[in-house]
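Residue numbers (our numbering): 49 to 261.
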Amino acid sequence: MSIQPLITFKAGKCELEPGNPQKVKAVPTPGYIYLYLGDELVHFCWRPRSAPASDPEIDLFMVPGDGSFLPYTGPDSGSDSDDLKSPTNGRIFVLKFTSSSQRYLFWLQSKTQHPQGNPSWFSERDQKLGQIVDMILNGEEVDVAYELRDIRNRRGPGRPDDDDETMEDVEGTDHAPNRHRQGSGGAGPDATGGDIREEGEESREGGADGGRA
């Protein structure tokens with residue numbers, strides 16, 4: 049089966065661990081999120097980078113308006129887009145549904161663009177990437193090529209946008225303000241995910257990389 053994704057970008061899966069609050073565990077497998085149009089519906093997919101686009105591990109049929117793809121910023125985060133952060137030690141996006149309480153969590157595997165290397169900071173480019181996906185899921189017409197050119201112009205100085213996070217540095221979250229760490233790992237195996245919940249009905253699963261961010 050030939051697939052022509054609308055957009056493709058580097059991201060890893062996250063798992064949820066029981067607890068109060070629940071904890072988010074980053075799966076370090078290098079992966080891609082990609083969206084494509086098939087059977088008149090958008091497919092939201094994730095695959096390991098070692099797998100072809102025609103063999104995704106996650107393949108969700110998305111009814112327009114049912115899904116949203118948003119940065120996870122925690123219940124206490126403000127809405128300041130210039131200083132948007134995740135409460136974990138990575139940049140996590142949440143795929144939510146209006147038709148069920150199921151959640152899918154993903155962490156961006158491109159390097160952070162924060163001047164001091166804060167791995168939880170959503171840059172303007174990161175936010176724009178999420179907005180493109182969210183618009184596609186909501187059935188909006190998106191000039192993906194134009195939008196991708198726009199976010200490529202939002203790279204941080206000296207930061208190639210195709211570099212990966214240092215996956216060996218994945219570790220737990222520490223919210224102490226004076227915390228220092230080397231590298232810029234992902235979400236972390238013990239990162240606190242606040243009030244993210246995974247319960248209720250299962251989401252609908254369906255069963256070349258196009259525009260790449």
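Glycine is no exception: its CB is placed at the ideal position from the N, C-alpha and C atoms. What you are looking at is a predicted structure, and each value in this text was computed from that prediction instead of being measured.
Mind checking whether Thr136 and Val181 have CB atoms under 7 Å apart?
For Thr136 and Val181, no; Cβs fall outside 7 Å.
Reducing DSSP to helix, strand and coil, say where Tyr120 ends up.
Residue state, collapsed to three classes: coil.
For Gly79, write down the residues that DSSP places opposite it in a beta bridge.
Answer is Pro96.
How far does the alpha helix (DSSP H) with Ala193 in it extend, from its first residue to its last?
Start and end: 192-200.
For Pro53 and Leu89, which I take to be in contact (beta-carbon distance under 8 Å), what is that distance rounded to the nearest angstrom?
Contact doesn't hold; Cβ gap of about 14 Å is too wide.
For Val142 and Gly187, I'd like the C-alpha separation in whole angstroms.
Cα-Cα distance, rounded: 18 Å.
Does DSSP put Ala239 in a helix, a strand or coil?
Summary for Ala239: the model assigns pLDDT 38, below 50, so the residue's position carries little reliability; its value from the coordinates is reported in the next sentence. Here Ala239 sits in strand by DSSP.
Proximity winner among Tyr80, Val111, Ile106, relative to Asp87 (alpha-carbon distances):
With distances taken between Cα atoms, Asp87 lies closest to Val111.
Val72: first and last residue of the uninterrupted beta strand (DSSP E) it sits in
Start and end: 71-74.
Determine the extent of the alpha helix (DSSP H) in which Ile55 is found, giving its start and end residues.
In this chain, Ile55 is not harboured by any alpha helix (DSSP H); it is covered by the beta strand (DSSP E) spanning 55-65.
Determine the contact status of Pro104 and Gly79, defining contact as a CB-CB distance below 7 Å.
Result no, Cβ atoms of Pro104 and Gly79 do not sit closer than 7 Å.
Would you identify the three-state DSSP class for Ser129, choosing helix, strand or coil?
Ser129: helix per DSSP, three-state reduction.
Per the DSSP calculation, Ile106 is bridged to which residue(s)?
For Ile106, the beta-bridge partners assigned by DSSP are Trp94.
With respect to the beta strand (DSSP E) encompassing Arg173, which residues constitute its N-terminal and C-terminal limits?
No beta strand (DSSP E) holds Arg173; the alpha helix (DSSP H) holding it covers 172-185.
Check whether the stretch 162-173 and the stretch 192-202 touch, using three or more Cβ-Cβ pairs below 8 Å as the test.
Because the criterion of three Cβ pairs below 8 Å is met, the stretch 162-173 and the stretch 192-202 touch.
Do Lys58 and Val75 have their C-beta atoms within less than 7 Å of each other?
No; because the gap between Cβ atoms is not below 7 Å, this pair is not in contact.
How would you label Ser50, buried or exposed, when you count the other beta carbons within 10 angstroms and need 16 or more for buried?
By the neighbour-count rule (16 or more Cβ atoms within 10 Å), Ser50 is not buried but exposed.
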